[in-house]
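Please read the structure below before turning to the comments.
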Amino acid sequence: MGLHMVVGVLDSAEDEYAETVRADFAAIGELLKRAGAGPWVEPGRVDVEDAEFETWGYSGLHTVRRIAVHLAAYNRLPEPLPSDGTERASDYPLLRKVYEGLPGERPEPFKHLVRHADHEGYYVPVDFARVITGAPGGPLGSSVRLLAEARRIAAALGLPEDLDPDSEEVFEASDAEESVAEGWQRYGVESYVCLQLIRAAKLSVATGAAIALV
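Position 108, counted from 1, in the sequence shown is what my numbering calls 113; the numbers after and before it change by one each time, with no gaps.
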């Protein structure tokens, strides 16, 4: 199963997992308070529809991160990945540097997108500068910063952020066997994932609930 994001994870969590998440959130609240970034407390229930957000598996998230590091380095979009699957986003040299923990030579305006894990951890609706490692449950990011970063990528793609990621238009671009000539449709998977990131981060900020990566 590929990565997905859940806002209001306690709404549907079963007993044992729910206790683990509650303990994580209590410890995160204390961590944020000590760091001067809090206070934050997970709301009791979010009670909204469509609180789960897919990211086209792990590979989909890496495609957006590839765009992020290229934008940071060159202030322009990279060429789309080949549609035949011969190149993987996670093998992109600038992104591999990040994953291998090597110091970057360029500024990093996309820390909360790129420096977070791809399979665990949380984003909370509190504004702080850097991803916090060693937090309960995995790396801790800011959904406030994630929203800003995803919006910057959407702007670079020319992607309307109110576009429905489950629309036929987005699906056709994501599933296209040949790249189109221009526009966000050249980056179909990246656009799908970017829209999901925006939706998850906006819901987190609006409700006060964390995004859980599961």
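Idealized CB from N, CA, C, for every residue including glycine.
None of the values given here were measured: they were computed from a predicted structure.
Assigned with DSSP and collapsed to three states, serine 147 falls in strand.
Counting only residues of its own chain and dropping the five nearest sequence neighbours on each side, proline 48 has a CB closer than 7 Å to the CB of Thr212, Gly213, Ala214.
Going by DSSP, leucine 218 is part of no alpha helix (DSSP H) but of the beta strand (DSSP E) stretching over 216 to 218. In this structure, DSSP gives histidine 9 an extended state, which the three-state scheme calls strand. With a cutoff of 7 Å on beta-carbon distance, leucine 218 and methionine 10 are scored as near each other. Segment contact: the stretch 152 to 163 against the stretch 93 to 103, fewer than three CB-CB distances shorter than 8 Å; contact not assigned. For valine 129, the enclosing beta strand (DSSP E) has its first and last residue at 127 to 129.
One alpha carbon belongs to threonine 25, the other to alanine 32, and they sit about 11 Å apart.
According to DSSP, glutamate 59 shares a beta bridge with His9.
The stretch 54 to 63 makes contact with the stretch 199 to 209; the number of CB pairs closer than 8 Å reaches 3 or more.
Proximity of the stretch 60 to 70 to the stretch 116 to 134 meets the contact definition, three or more beta-carbon pairs being nearer than 8 Å. Residue pairing by DSSP leaves isoleucine 72 without any beta bridge partner. Looking at the backbone, the Cα of glutamate 174 and that of glycine 41 are separated by about 44 Å.
Taking the CA atoms as reference points, alanine 78 sits about 25 Å from serine 179.
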